[in-house]
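Every letter in the sequence shown is one number past the one before it in UniProt numbering, and letter 290, counting from 1, is 290. Even glycine gets a Cβ: it sits at the ideal position worked out from N, Cα and C. Being a predicted model, the structure only gives us computed values, none of them experimental.
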Amino acid sequence: MAYLKIGEIHATLHRAIKYVVKPEKTDQGHMVSANFMTDPSDYMTAARHMGVSLGLTKQTKTAGNVLAYHVIQSFAPGETTPEQCHQLGEQLAQRITEGGQYKYIVSTHLDRNHLHNHIIVCAANDETHRKMRVKPGRKHGTLMQWRAINDELCREQNLSVIAPSPVPGRAESLSDIYLNIKGISAKETMRRRIDLAVSKSSNYEQFAQVLHDQYGISVHLRGSQLTFQLEETGFKIRDHKLGQAFSPLNLMARINQKIMQEITFNQSLIARSDAASITVWLPKTHRREQLTIPREYIIEDGKTFRAFLTANQKTSHHRPSWPLPARNNP
């Protein structure tokens, strides 16, 4: 059962290429190829080559600021070999770039239970110097056209394809489609992997590292919520959609195996900081009392900091010994 997804890359093209050509996912780079360089595993050079092509394009309003398109071509578990998978990725890349008029990289990832290709297609046409225009639309848009090409290639190899649904409904993620074959939802898989990472961690930093390195999920704090992303498919979900147990406060409580209390402060309340701890002015004390918190209990989100503390946690709570200037406000 073959499936296709498309995403847009608007910035940090080198980071997207770096991810898709990771040696540990591609048999040390043996399952990576490109139509414009011999060693696409050199992601910085690959990004520079694509940047040159983009610099020569005639800008149009419809093309927008898209640098490249990230295509994910996946196959059902056990249906293809790595070599066949990669060959199908190259064939698809050739077709959707009109015979190679756009630079592309094909990378076959072998680190999941289903083989899948990541295809990075530069948005600049090297012959016309115009940018690719990906048209939206559920019936006649670019995604449907590329899926039709993908289905044609798969049928030629006697591989199964996904039959189009006669009734439009909620779009399923790539994770849902393959995991539902096993009777497991993408959300449930995300929950299980997070639970496993929690059981192996003693602080948030270690949790985020284990979750990424061992289970292929990145986690980011935005405001008061965590966003989890399954890197193999790009599937994203916020903590509240997974359940109350996956909120920042409850995750920290589970990691530390204690009842936690959350304290939020911004950069302006930081009195001083070092590699081990941050000392903050306590709110509503007119900068007369401070609290020193170990960094392992703090999650940073830009200028906002969230500290997760227990009632009996050993933190330094004190008044500064130096004289404070007089304040006019009460």
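Contact annotation: PHE308 and LEU230 have beta-carbon atoms that are not nearer than 8 Å. Annotation: the UniProt domain "MobA/VirD2-like nuclease" (19-159) contains the following complete segments of the alpha helix (DSSP H) (minimum length 4 residues), in chain order: 43-55, 82-96 and 142-156. Relative to the Cα of SER268, the nearest Cα in the group PHE36, LYS303, THR57 and GLY243 belongs to LYS303.
Using a Cβ distance threshold of 8 Å, CYS85 and ASN117 count as a contacting pair. Secondary-structure assignment with DSSP links SER218 through a beta bridge to GLN229. Classified as buried, GLY89 has 16 or more neighbouring CB atoms from the shown chains inside 10 Å of its CB. Residues ALA2, ASP151 and CYS154 of the same chain have their beta carbon placed closer than 6 Å to that of VAL161, with the five preceding and five following residues left out of the count. Of VAL21, ASP27 and LYS58, the smallest CA-CA separation from ALA47 is found for VAL21. Taking all protein chains in view, the Cβ of MET132 is crowded by 16 or more other Cβ atoms within 10 Å, so the residue is classified as buried. Taking all protein chains in view, the Cβ of GLN73 is crowded by 16 or more other Cβ atoms within 10 Å, so the residue is classified as buried.
An exposed status is given to LEU56, since fewer than 16 other beta-carbon atoms sit within 10 Å of its beta-carbon.
Assignment of LYS5 by DSSP, reduced to helix, strand and coil, places it in the strand class.
Residue range 186-199 is occupied by the alpha helix (DSSP H) that includes VAL198. Within the DSSP bridge table, the entry for ASP301 names THR304 as partners. For ASN266, the uninterrupted beta strand (DSSP E) segment begins and ends at 261-266. Around the CB of LYS103, 16 or more other CB atoms lie within 10 Å, so the residue is classed as buried. Taking 8 Å as the cut-off, the Cβ atoms of PHE305 and PHE265 count as close. Straight-line spacing of the CA atoms in PRO77 and LEU4 works out to 15 Å. The Cβ neighbour count for ASN113, taken over all protein chains shown within 10 Å, is under 16; the residue is labelled exposed. DSSP places ARG272 in the strand class (E or B) of the three-state scheme.
Leaving aside the five residues that flank CYS122 on each side, the residues in its chain whose CB is nearer than 6 Å to its CB run, in chain order, MET50, SER53, ALA68, TYR102 and LYS103.
When C-beta atoms of the stretch 292-302 are compared with those of the stretch 192-210, three or more pairs fall below 8 Å, so the two segments count as touching. Straight through space, the alpha carbons of GLU127 and VAL198 are spaced by roughly 51 Å. Here the alpha carbons of ASN158 and ARG222 stand approximately 45 Å from one another. Buried is the label assigned to LYS25, since at least 16 other Cβ atoms lie within 10 Å of its Cβ.
By the 16-neighbour rule on beta-carbons within 10 angstroms, ASN65 is exposed.
Partner residues in the beta bridge of SER277, as assigned by DSSP, are PRO294. As computed with DSSP, LEU309 is found in a beta bridge with GLN261. The three-state secondary structure of LYS241, taken from DSSP, is helix.
Sixteen is the threshold: since fewer than 16 other Cβ atoms of the shown chains lie within 10 Å of the Cβ of ALA276, the residue is exposed.
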